[in-house]
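Student: Numbering (the working numbering), first residue to last: 22 to 396. Idealized CB from N, CA, C, for every residue including glycine. Could you have a look at this structure, given as structure tokens, before my questions?
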């Protein structure tokens with residue numbers, strides 16, 4: 022068994038992202054599932070097309086089976102269009118506890134395995150750090166949260182199948198999860214800003230700099246307040262981008278019912294906004310430009326969030342703060358709208374690492390903890 026490898030995981034609803042801390046820890050994460058791209062599930066067979074070489078793992082078309090401590094967790098399709106097809110990562114109940122979510126667990130394990138396949142590693146000892154929703158971390162306390170990490174520990178075997186011959190195993194990866202650490206969302210992003218690459222705290226954050234982190238997710242929004250490096254308040258709002266998508270979907274269905282066979286799913290709306298320039302393709306080759314609808318919904322949602330933000334800052338800092346950091350997948354879409362309502366009174370910034378802010382932040386969090394423990 023080789024030295025323990027650190028893996029950083031964002032086990033969110035929308036994407037499962039995995040980053041390995043190798044010799045160059047800032048050689049950025051590997052995307053395991055990327056929506057907005059079509060996936061051929063291998064339904065077209067040519068019996069006369071003989072393969073000279075054994076097939077390799079195609080990370081655009083993955084069919085995997087996971088065995089955890091010898092017990093199969095099932096055989097599932099994953100890949101760039103998993104979310105687009107609603108096959109694996111799908112709309113989740115926001116009130117479900119993510120630490121006990123079987124779909125997210127499957128994504129985490131397959132994401133780790135796929136990283137090892139890409140780097141041609143096998144039989145690794147693994148130390149994983151998982152971003153956990155802030156409300157779960159606070160309500161369950163650290164000891165209770167870590168108890169659920171025990172269910173991830175153990176031996177994992179992942180089999181990759183030929184999508185054109187689903188009984189043919191083309192790759193096998195085995196690893197042992199020996200350590201699990203939880204790092205709360207929003208707090209992880211703060212460490213990305215406040216800690217240097219050697220694990221030391223930046224000078225400006227040693228001088229009682231007042232910071233608010235607003236993490237806009239799919240089903241909920243985590244917010245945390247920091248005075249210097251000290252956490253002085255946290256909160257979670259049970260609303261998120263799925264509320265926007267549902268409202269956009271309903272408005273589309275009400276206004277264009279004659280052109281739509283059904284009300285668009287939330288992942289249809291998400292992909293349309295992020296990848297298709299807010300153009301919805303409908304039947305008979307027609308398209309609907311939904312720019313105005315999206316702008317109206319996003320603007321209204323940002324206005325409501327700006328009121329929540331101001332109230333939170335008021336209760337924690339009696340007025341203003343030095344820096345407002347907006348992160349999460351929702352911040353990529355809402356930042357301009359939010360800045361319109363908050364920019365005159367607050368210094369608003371958005372992370373430059375897009376949806377990777379939490380897992381990169383959790384890496385800084387572990388680096389900081391290592392530096393403190395080794396001091």
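Identify the continuous alpha helix (DSSP H) that holds residue 391 and give its terminal residues.
Tutor: Position 370 of the chain shown, counting from 1, holds the residue named residue 391. Counting along the chain, the alpha helix (DSSP H) containing residue 391 begins and ends at 378 to 394.
Student: Is DSSP giving residue 265 helix, strand or coil here?
Tutor: Stepping through the chain shown from its first residue, residue 265 is reached at position 244. Of the three classes helix, strand and coil, the one that applies to residue 265 here is helix, per DSSP.
Student: Which of helix, strand or coil does DSSP assign to residue 332?
Tutor: On the chain shown, position 311 is the one that residue 332 refers to. Note: residue 332 maps to helix in three-state DSSP.
Student: Given residue 130, which residues of its chain have a CB within under 6 Å of its CB, disregarding the five upstream and five downstream residues?
Tutor: Working through the chain shown from its first residue, we reach residue 130 at position 109. Hits under 6 Å: 87 and 177.
Student: Please state whether DSSP places residue 124 in a helix, a strand or coil.
Tutor: Start at 1 with the first residue of the chain shown, and residue 124 comes out as number 103. Three-state DSSP puts residue 124 in a helix.
Student: How far does the alpha helix (DSSP H) with residue 427 in it extend, from its first residue to its last?
Tutor: Here the chain comprises residues numbered 22 to 396, so residue 427 is not present and cannot be evaluated.
Student: Below 6 Å CB to CB, which residues in the same chain sit around residue 197 once its five sequence neighbours on both sides are set aside?
Tutor: Along the chain shown, one-based indexing puts residue 197 at 176. Around residue 197: 146 and 176.
Student: Where does residue 90 fall in DSSP's three states?
Tutor: For this step, residue 90 is matched to residue 69 along the chain shown. Residue 90: coil per DSSP, three-state reduction.
Student: Closest to residue 265 by CA distance: which of 94, 149 and 314 is it?
Tutor: Mapped onto the chain shown, residue 265 falls at position 244. Considering only alpha carbons, the answer is 314.
Student: Please work out which residues of its chain come closer than 6 Å, Cβ to Cβ, to residue 31, disregarding the five sequence neighbours upstream and downstream, and give them in chain order.
Tutor: For this step, residue 31 is matched to residue 10 along the chain shown. The residues are 38, 152, 379 and 380.
Student: Within this structure, are the beta carbons of residue 386 and residue 204 separated by less than 8 Å?
Tutor: Residue numbering aside, residue 386 sits at position 365 when the chain shown is read from its first letter. Residue numbering aside, residue 204 sits at position 183 when the chain shown is read from its first letter. Against a cut-off of 8 Å, the Cβ pair of residue 204 and residue 386 comes out as a contact.
Student: According to the Cβ coordinates, are residue 207 and residue 253 closer than 8 Å?
Tutor: Locating residue 207 in the chain shown gives position 186, counting from the first residue. Locating residue 253 in the chain shown gives position 232, counting from the first residue. Against a cut-off of 8 Å, the Cβ pair of residue 253 and residue 207 comes out as no contact.
Student: Using DSSP with H/G/I as helix, E/B as strand and the rest coil, what is residue 114?
Tutor: If you number the chain shown from 1, residue 114 lands on position 93. A caution first: residue 114 carries a pLDDT of 49, below 50, which makes its placement in the model unreliable, though a value can still be read off. Correct three-state label for residue 114: coil.
Student: Considering residue 289, what are the terminal residues of the alpha helix (DSSP H) in which it resides?
Tutor: Translated into the one-based positions of the chain shown, residue 289 becomes position 268. First-last of the alpha helix (DSSP H) with residue 289: 287 to 296.
Student: Rounded C-beta distance between residue 302 and residue 191? I'm assuming under 8 Å.
Tutor: As a working note, residue 302 is residue 281 in the chain shown. As a working note, residue 191 is residue 170 in the chain shown. Their Cβ separation, rounded to whole angstroms, is 34 Å, which puts residue 302 and residue 191 out of contact at 8 Å.
Student: Quick check on residue 238: buried or exposed, where buried means 16 or more other Cβ atoms within 10 Å of its Cβ?
Tutor: Taking the first residue of the chain shown as position 1, residue 238 is located at position 217. Label assigned to residue 238: buried.
Student: Under 8 Å by Cβ, that's how I've got residue 148 and residue 260 pegged, so tell me the actual separation to the nearest angstrom.
Tutor: For the purposes of this step, residue 148 is identified with residue 127 of the chain shown, where counting begins at 1. For the purposes of this step, residue 260 is identified with residue 239 of the chain shown, where counting begins at 1. Residue 148 to residue 260, Cβ: 34 Å. No contact.
Student: Scan the stretch 227 to 258 and note each continuous beta strand (DSSP E) run of 3 residues or more that stays entirely inside, going in chain order.
Tutor: Listed in chain order, they are 231 to 237, 242 to 248 and 251 to 258.
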